[in-house]
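Taking it in order: structure first as structure tokens, then the write-up.
Rendered as structure tokens:
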């Protein structure tokens with residue numbers, strides 16, 4: 003079982019890129035881990051490269067993933083985009099795929115696609131909200147997924163699901 007406290011930052015250097023700091027993520031990426039990562043990130047000099055090693059991540063919650071993206075965004079200000087090493091295990095990579103991290107992370111990290119990139123549909127995607135149109139698209143996507151769950155998993159009839167979704171959309175938009 004992984005520690006909530008990430009490993010210390012390690013440094014490496016090469017002639018081309020200078021010093022690269024390696025920030026190893028813990029096995030469980032949650033809100034507590036993100037707080038500890040932020041403290042470790044603060045130790046990295048602002049002009050040096052950062053490699054975020056998520057290779058050992060096995061679980062991630064809805065707080066850990068956005069926190070990782072915020073860390074990447076902060077790390078990319080004033081320097082090269084940090085490199086993200088994706089999870090090596092199927093379980094960890096599936097968590098990233100469930101939240102569709104590839105799309106959001108491409109804006110702040112440099113990384114190679116994972117070989118385990120299939121979502122189980124367990125989580126929703128991480129969606130950047132930059133405008134009210136983004137919020138409306140998110141609500142529409144959530145209601146579509148909710149409709150599928152209501153009919154396929156819960157067993158609602160189509161008309162009952164539609165009534166529920168009308169109320170959901172109305173309340174979510176206000």
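Residue numbers (my numbering): 3 to 176.
Even for Gly, the Cβ is constructed at its ideal location relative to N, Cα and C.
Going by beta carbons, residue 110 and residue 133 fall outside the 8 Å limit. Annotation for residue 65: 32, 33 and 36 place their beta carbon closer than 8 Å to its own, counting only its chain and skipping 5 residues before and after.
Membership of residue 86 in the beta strand (DSSP E) is indicated by the continuous run 85 to 87. Linking residue 138 to residue 160 through their CA atoms gives a straight-line distance of about 23 Å.
Rounded to whole angstroms, the separation of the alpha carbons of residue 165 and residue 86 is 43 Å. Apart from sequence neighbours up to five positions away, the residues of its chain that approach residue 153 with a beta-carbon distance below 6 Å are 163, ordered along the chain. Taking 8 Å as the cut-off, the beta carbon of residue 106 is found closer than this to the beta carbon of residue 71. With a threshold of 16 other beta carbon atoms within 10 Å, residue 157 falls short and is exposed. In this structure, residue 58 lies near residue 29, with their beta-carbon atoms less than 8 Å apart. Boundaries of the beta strand (DSSP E) harbouring residue 52: 51 to 55, taken from the DSSP string.
Taken in chain order, the stretch 126 to 175 contains no complete beta strand (DSSP E) segment of 3 residues or longer.
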